[in-house]
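Residue numbers (this note's numbering), protein chains in the order written: chain A, 1 to 248; chain B, 249 to 496.
Following: one structure in structure tokens, then a few remarks.
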DNA sequence: TATTCTTTTCCAAAATATTGGACTCCATTC
DNA sequence: GAATGGAGTCCAATATTTTGGAAAAGAATA
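Right, dumping it as structure tokens:
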């Protein structure tokens, strides 16, 4: 495992835990003690982490700086923001933009509704590709080779009663999503949470991201779904147009 | 130069430039070609950067995720936000919170005023410790050893007519800042930009950050300064209290 | 299509980082 | 105050990464 991979393990762990002592980082990462201390020292020097008076480490200011610049420079994020704000205003629901990376999706923009619901989400949240509406949308429009390979390497833990359980079922659902032009999540990752998502395309016609509205199942009732879907799809299409996409 | 340092050079360059081809990164960083390609490949795999169809690199989603978590977990930032919002409402000026790291200060929070001024700043912006109000405040209350060593290693380029030019002048000014409890910047980094800053202390009485209000010199006139200073100092004190600080 | 230029990959030698284990330091317990 | 145990450092042997140069693959031009 390279230094960089090890670094990511440590930073990700701190991102989750907030703060941790060296011993915990060593145990979690499995890096030999002596190397770990060298690595931590270097991360400190680079301002990626800091250490408080009790010796605990936490993420630090250089990461904030880099993350902020990365956000600003992500075109799709800035393009989507006004559209998602409108969508949120209309639906009153929590809205997200997610993008695909490697073997997962990540929220990169979150527009909160006033009556903040109990659904916990945050920018940077990692989403499974087969247990989230955004993930499934992103996966559905990946090039076939990528899609196949991801399906093949997915492990289908049964997280809730509705979690997709087999590669066949997933492939089938992705086909459905492509056909209808939008995806959904009916409590597949967290019970009682429902999402509707739609893909956003760039000028080259590739899927650049996916937007979703999220709500508790009492908010996203079956009656509402049709209307909601229409709004999400329309919003996604508007963003795509702003990104230079045009149908056919 | 270690892999991690090289990585930072590349990421920082992309943070500045937004996007760059491999050749440019190689030239800028001075990393040998073959190593650079290996490094870029690894950064791609980790989702720290991405590559568009033309081969250009840019910062990517894992950095957004890490930066976002780092922000959220920075207590002083969340504690300061409401106070700075109030300060902005009262003064109508751009407000910042900056923290110290190693040999520079960084903005970690920015509260913009409506009539957005021409002063360009952003979260993550790196500030010189001797040419900014926030930097000078942070430096003024560092432990003496740190302060001395930073003064000794500072290079005093004359960026504007008012830039502090010698170690002696800097030491003198820091003494003044400590005595009066607040700092200022009279176009020392950018001509025509004025700032007033005050230090924020944590429960242990250490300087944890500094807040500032920024404006063009026509906005921050001499008449206004006294009143502004009072407000900034009061705001900083309130934040310090929220962080558990108590005077003596 | 041939030619040139640029980008990217490949390789074995050289440089660098990593490692286990022993050691120091310091706080806590007996 | 001796004994225990955790945290952190140090070192020379070992493993890994880095490197320049050469070659391959692509792009751009003629």
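Backbone N, C-alpha and C fix where the C-beta goes; we use that ideal spot for every residue, glycine too.
Compare the Cα-Cα distances from residue i to each of the options and report the closest residue.
i                     : options                       : result
residue 184 (chain A) : A:133, A:43 and A:173         : A:133
residue 276 (chain B) : B:294, B:293 and B:256        : B:256
residue 404 (chain B) : B:412, B:489 and B:398        : B:412
residue 289 (chain B) : B:313, B:314 and B:258        : B:258
residue 245 (chain A) : A:178, A:202 and A:44         : A:202
residue 479 (chain B) : B:379, B:336 and B:312        : B:336
residue 253 (chain B) : B:427, B:269, B:419 and B:278 : B:278
residue 389 (chain B) : B:461, B:313, B:425 and B:271 : B:425
residue 90 (chain A)  : A:223, A:213, A:240 and A:103 : A:213
residue 351 (chain B) : B:488, B:475, B:297 and B:397 : B:397
residue 297 (chain B) : A:50, A:70 and A:49           : A:70
From the beta carbon of residue i, is the nearest beta carbon of chain A less than 8 Å away?
i                     : result
residue 462 (chain B) : no
residue 488 (chain B) : no
residue 253 (chain B) : yes
residue 342 (chain B) : no
residue 394 (chain B) : no
residue 317 (chain B) : yes
residue 301 (chain B) : yes
residue 390 (chain B) : no
residue 437 (chain B) : no
residue 359 (chain B) : no
residue 349 (chain B) : yes
residue 493 (chain B) : no
residue 448 (chain B) : no
residue 311 (chain B) : yes
residue 428 (chain B) : no
residue 371 (chain B) : yes
residue 377 (chain B) : no
For residue i, collect the residues of the same chain with a Cβ closer than 6 Å to its Cβ; drop the 5 residues on either side in sequence, then sort them by chain order.
i                     : result
residue 284 (chain B) : 274
residue 383 (chain B) : 353, 375, 376 and 377
residue 373 (chain B) : 355
residue 361 (chain B) : 336, 340, 341 and 342
residue 272 (chain B) : none
Compute the beta-carbon to beta-carbon distance between residue i and residue j, rounded to the nearest angstrom, for a pair I have assumed lies under 8 Å.
i                     : j                     : result
residue 162 (chain A) : residue 190 (chain A) : In fact, because the Cβ distance is near 10 Å, the residues do not count as touching under 8 Å.
residue 370 (chain B) : residue 168 (chain A) : Rounded, the Cβ-Cβ distance is 48 Å, inconsistent with contact.
residue 215 (chain A) : residue 93 (chain A)  : 5 Å
residue 174 (chain A) : residue 204 (chain A) : Actually they do not touch by this definition, with Cβ atoms about 21 Å apart.
residue 287 (chain B) : residue 251 (chain B) : 7 Å
residue 194 (chain A) : residue 220 (chain A) : 4 Å
residue 66 (chain A)  : residue 311 (chain B) : 5 Å
Chain B beta carbons: is any one of them nearer than 8 Å to that of residue i?
i                     : result
residue 8 (chain A)   : yes
residue 193 (chain A) : no
residue 2 (chain A)   : yes
residue 40 (chain A)  : no
residue 13 (chain A)  : no
residue 114 (chain A) : no
residue 106 (chain A) : yes
residue 209 (chain A) : no
residue 59 (chain A)  : yes
residue 37 (chain A)  : no
residue 97 (chain A)  : no
residue 204 (chain A) : yes
residue 139 (chain A) : no
So, at 8 Å on beta carbons, what are the nonlocal neighbours of residue i in its own chain, with the 5 sequence-adjacent residues on each side left out?
i                     : result
residue 19 (chain A)  : 52, 56, 57 and 58
residue 138 (chain A) : 98, 99, 100, 105, 129, 199, 207, 209 and 210
residue 115 (chain A) : 92
residue 402 (chain B) : 377, 378, 415 and 418
residue 359 (chain B) : 329, 332, 333, 335, 336, 342, 343 and 344
residue 258 (chain A) : Limits of chain A in this structure are 1 at one end and 248 at the other, which puts residue 258 (chain A) out of reach.
residue 406 (chain B) : 413
Can you give me the Cβ contacts of residue i inside the same chain, cut-off strictly under 7 Å, excluding the 5 residues immediately before and after it?
i                     : result
residue 229 (chain A) : 182 and 196
residue 309 (chain B) : 295
residue 357 (chain B) : 325, 328, 329, 332, 344, 345 and 371
residue 192 (chain A) : 216 and 217
residue 490 (chain B) : 327
residue 399 (chain B) : 415, 418 and 419
residue 240 (chain A) : 200 and 201
| Taking one C-beta from the region 83-99 of chain A and one from the region 196-212 of chain A each time, how about it: are there three or more such pairs within less than 8 Å? | yes
| Touching by the beta-carbon criterion (3+ pairs, under 8 Å), the region 234-242 of chain A and the region 79-87 of chain A | Judged by Cβ distances under 8 Å, the region 234-242 of chain A makes contact with the region 79-87 of chain A, as three or more pairs qualify.
| request: For the region 294-314 of chain B and the region 252-262 of chain B, state whether three or more C-beta atom pairs, one from each stretch, are separated by less than 8 Å. | output: yes
| field | the region 280-294 of chain B / the region 65-78 of chain A touching (three or more Cβ pairs under 8 Å) | value | Contact fails: fewer than three Cβ-Cβ distances are below 8 Å.
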